[in-house]
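Position 136 of the sequence shown, counted from 1, bears residue number 136 in full-length UniProt numbering, the numbering being contiguous throughout.
For each residue, glycine too, the CB sits at the ideal point set by N, CA and C.
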Amino acid sequence: MEVSVIRSCSQATNPKTELGFSDSRFSFGKFNEKLFSRKPNSVSFESPLRRGKSGLRITAQAAQSDRLPKSKSSTKSKTLNRIRLFAGLPLDVVSGGTVNQFRAISAGLKALKLLGLEGVELPIWWGVVEHESMGKYNWSGYLTIAEMVRKAGLKLNVTLCFHASSQPKIPLPEWVLDIGKTKSNIFFKDRAGKPYRGCLSLAVDELAVLNGKTPMEVYQDFCESFKSAFSAFIGSTITGITMGLGPDGELRYPSHRGFAKSGTVPGAGEFQCYDKNMLHLLKQHAEACGKPKWGLGGPHNAPAYSELPTANTFFKDHGGSWESPYGDFFLSWYSSQLIAHGDRLLSLASSVFSDSAVNIFGKVPLMHSWHGTRSHPSELTAGFYNTATRKGYKEVAEMFARNSCKIILPGMDQSDKYQLKESLSSPELLLAEIGTACNKHGVRISGQNSTVGAPDGLKQIKKNMLSENLNDSFIFQRIGAQFFAPEHFPLFIEFVRKLNQPEPHSGNLPTKEGTTTATDSVHTRSNLSIHMQSA
1 MEVSVIRSCS
11 QATNPKTELG
21 FSDSRFSFGK
31 FNEKLFSRKP
41 NSVSFESPLR
51 RGKSGLRITA
61 QAAQSDRLPK
71 SKSSTKSKTL
81 NRIRLFAGLP
91 LDVVSGGTVN
101 QFRAISAGLK
111 ALKLLGLEGV
121 ELPIWWGVVE
131 HESMGKYNWS
141 GYLTIAEMVR
151 KAGLKLNVTL
161 CFHASSQPKI
171 PLPEWVLDIG
181 KTKSNIFFKD
191 RAGKPYRGCL
201 SLAVDELAVL
211 NGKTPMEVYQ
221 DFCESFKSAF
231 SAFIGSTITG
241 ITMGLGPDGE
251 LRYPSHRGFA
261 KSGTVPGAGE
271 FQCYDKNMLH
281 LLKQHAEACG
291 KPKWGLGGPH
301 NAPAYSELPT
311 ANTFFKDHGG
321 SWESPYGDFF
331 LSWYSSQLIA
341 HGDRLLSLAS
351 SVFSDSAVNI
361 FGKVPLMHSW
371 HGTRSHPSEL
381 TAGFYNTATR
391 KGYKEVAEMF
401 ARNSCKIILP
411 GMDQSDKYQL
421 KESLSSPELL
431 LAEIGTACNK
441 HGVRISGQNS
451 TVGAPDGLKQ
461 IKKNMLSENL
471 NDSFIFQRIG
481 AQFFAPEHFP
491 LFIEFVRKLN
501 QPEPHSGNLP
511 TKEGTTTATD
521 SVHTRSNLSI
531 HMQSA
């Protein structure tokens with residue numbers, strides 16, 4: 001089999017990017033008929049290059065191999081072979097029970113296999129599978145993907161998405177949204193009373209608001225149906241299941257709605273405790289504490305979504321309300337509700353899949369904006385009571401350990417030096433802090449990037465993969481137009497190659513920037529040959 005990545009001026013008339021993706025957010029677009037070469041057992045990814053004649057070509061001829069060659073050097077202090085590398089499939093890989101761009105996905109799987117990846121991550125959407133009515137499931141498209149992955153010789157990590165996606169647009173099930181039209185309090189609400197329809201409020205987890213069933217019962221039915229439908233794959237092809245825990249699948253409140261514009265300082269976020277069910281829980285807690293007036297609503301002096309922490313006094317570094325008895329009361333309650341929600345969902349997943357040979361994961365966000373302040377506003381509004389004076393990820397790690405689950409941490413491609421100074425952001429310090437809590441409680445971590453093409457992102461990922469805090473796997477998000485773009489894909493290939501060859505021999509070092517010697521090849525027992533050439 002042959003996989004080629006080619007950049008050539010002669011292809012400038014073809015404006016399509018590799019795999020025929022339609023936009024930068026990884027949705028598949030119109031299929032590119034020139035995607036594949038006509039050679040049998042070969043896959044070719046091509047893209048235009050308007051200047052320069054140099055290119056990168058990688059050819060792998062394999063009889064039986066499924067890995068890139070490993071370095072023979074015995075001098076390296078630490079190996080990365082223990083890290084299993086996955087790549088996320090496009091968010092909208094399945095719609096209406098159909099696999100989008102079947103041939104492109106098949107080609108991508110072959111390429112990833114030849115690169116030596118362990119497998120792929122597949123997002124399975126509640127709104128796709130149980131779209132029309134409660135209890136009516138359509139797994140057909142996802143079963144097709146599972147079979148494709150098995151035939152490619154890859155492993156599969158499945159993410160059960162009980163949330164919506166804004167881009168590409170994948171809403172919650174239609175019947176759930178219909179209920180929400182008359183019962184908007186099944187969703188989170190902000191201080192202005194605006195509902196967030198991207199997931200259900202955690203306050204209704206155990207309330208019979210979905211046609212006589214609780215969300216927890218509906219989630220359990222979904223998981224049990226998945227287990228039955230994919231029984232032929234679970235424990236063999238499917239080795240990991242990630243349980244969706246909230247917005248974007250993460251354990252957090254939707255405190256930041258939408259995305260901050262590039263180059264702008266992000267706001268503090270907004271507390272999400274204003275649907276009637278959250279307010280009822282807050283009222284009960286305040287009365288139990290003998291402070292009934294504290295249960296009337298969230299902090300009145302906290303800023304809104306895009307406002308800076310300094311816009312009001314709640315997050316003030318010295319003397320802010322977050323340090324007051326009221327602040328401790330509210331933040332303790334707010335974070336405890338989130339952790340209890342995560343505990344319910346991970347406990348459910350652990351129970352349903354207890355007899356299956358799979359790992360259970362949950363995703364925890366890296367809310368690193370304003371981490372350099374004492375109050376850590378972005379973390380507080382997202383539900384993590386973590387400040388300069390309180391270690392808030394201890395409870396999170398304890399909850400994951402209690403359910404024997406692993407944590408997925410995104411943002412491992414982010415480094416402090418590329419953050420806006422005005423945001424007082426520190427992804428590196430926050431990542432280390434969460435990692436320390438996980439290590440203390442024996443919780444294994446799987447890493448994830450936040451975007452494709454972050455400045456020095458691959459370098460930062462490798463640095464984090466070498467740290468003691470990351471000790472399970474890494475999921476690269478996500479294959480698509482940017483992933484296979486000529487400015488990224490060759491770098492990713494070299495990145496994967498170096499994971500197994502972190503200390504290259506001097507004879508294989510580049511002779512010029514962007515080129516290598518013509519003899520840069522390594523052979524394995526299975527006759528795998530990798531050549532990096534100038535085109």
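* Cutoff 7 Å; reference residue 615; Cβ partners in own chain excluding five residues on either side -> Within the shown structure, residues of the chain are numbered from 1 to 535, placing residue 615 beyond reach of any answer.
* Name, in chain order, the residues that DSSP records as bridge partners for residue 408. => 363, 446
* To do: Whole angstroms is fine: what's the gap from residue 113's alpha carbon to residue 489's?
  => 15 Å
* Same chain only: Cβ atoms within 6 Å of residue 171, ignoring 5 sequence neighbours per side -> 127, 164
* Can you say whether residue 337 is buried or exposed, counting buried as having 16 or more other CB atoms within 10 angstroms of its CB? => buried
* **Residue from 451, 404, 459 whose Cα sits closest to the Cα of residue 482** => 451
* Using DSSP with H/G/I as helix, E/B as strand and the rest coil, what is residue 479? -> coil
* To do: Please list, in chain order, all residues of the same chain as residue 290 whose beta carbon is under 8 Å from its beta carbon, the five residues on each side excluded.
  => none
* Look at the alpha carbon of residue 241 and the alpha carbon of residue 479, and state the distance between them as a whole number of angstroms. => 19 Å
* Within the same chain, show all residues whose beta-carbon is closer than 6 Å to that of residue 307, passing over the 5 residues directly before and after it, in chain order. => 267
* What are the boundary residues of the beta strand (DSSP E) that residue 188 is part of? -> 187-189
* **Short Cβ contact (8 Å threshold) for residue 298 with residue 191** => yes
* Out of 474, 403, 372, which has the shortest C-alpha to C-alpha gap to residue 411? -> 474
* **Backbone secondary structure at residue 342 - three-state DSSP** => helix
* To do: Following the continuous alpha helix (DSSP H) through residue 155, name the residue where it begins and the one where it ends.
  => In the DSSP assignment, residue 155 falls outside any alpha helix (DSSP H) and lies within the beta strand (DSSP E) extending over 155-161.
* Asked: Exposed or buried, what is residue 189 when buried is set at 16 or more other beta-carbons lying within 10 Å of its beta-carbon?
  -> buried
* Beta-ladder partner(s) of residue 120, from DSSP -> DSSP lists 87, 156 as partners of residue 120.
* State the DSSP-derived secondary structure class of residue 147, mapped to helix, strand or coil. => helix
* Within the segment 191-237, ranges of the alpha helix (DSSP H) (whole runs, at least 4 residues) -> Every unbroken stretch of the alpha helix (DSSP H) spanning 4 or more residues and falling wholly within the segment 191-237 is given here in chain order: 215-229.
* Grab me the residues of residue 100's own chain with a C-beta within less than 8 Å of its C-beta, minus the 5 sequence neighbours each way, in chain order. => Excluding its 5 nearest sequence neighbours in each direction, residue 100 has C-beta neighbours in its own chain below 8 Å: 28, 90, 92, 93, 94, listed in chain order.
* To do: Counting only runs of 4+ residues fully inside the segment 242-324, write out the alpha helix (DSSP H) ranges in chain order.
  => Taking only runs of at least 4 residues, the alpha helix (DSSP H) segments lying wholly in the segment 242-324 are 276-288.
* Does the distance from the CB of residue 207 to the CB of residue 218 come in under 8 Å? -> no
* Got a sec? Which residues, its chain only, sit under 7 Å from residue 317 by beta carbon, not counting five neighbours each side? -> 373, 374, 375
* Between residue 139 and residue 161, is the Cβ-Cβ spacing less than 8 Å? -> no
* Nearest CA to the CA of residue 467: which residue from 455, 279, 435, 454? -> Measuring from the Cα of residue 467, the nearest candidate turns out to be 435.
* So which of 236, 109, 400 has the shortest CA-CA distance to residue 440? -> 400
* Asked: I think residue 381 touches residue 255, with their Cβ atoms under 8 Å apart; what is that distance to the nearest whole Å?
  -> 4 Å
* Using the C-alpha atoms, what's the distance from residue 249 back to residue 199? -> Rounded to the nearest angstrom, the two C-alpha atoms are 9 Å apart.
* Asked: For the segment 357-370 against the segment 231-246, are there 3 or more C-beta pairs whose distance is under 8 Å?
  -> yes
* Asked: Shortest alpha-carbon distance to residue 331 belongs to which of 177, 296, 386?
  -> 386
* Asked: Can you round the beta-carbon distance between residue 87 and residue 117 to whole angstroms, since I take them to be within the 8 Å contact cut?
  -> 6 Å
* Asked: On the three-state DSSP scale, how would you describe residue 333?
  -> helix
* Asked: Just curious, the alpha helix (DSSP H) that residue 377 is in, first and last residue?
  -> 377-382
* If residue 146 and residue 230 are in contact, beta carbons under 8 Å, what's the gap, nearest whole angstrom? -> 6 Å
* Using the rule of at least 16 other Cβ atoms within 10 Å of the residue's Cβ for burial, across every protein chain shown, is residue 460 buried or exposed? -> Buried, by the Cβ-count rule.
* To do: Look at the Cβ atom of residue 221, then the Cβ atom of residue 214, and state whether they are nearer than 8 Å.
  => no
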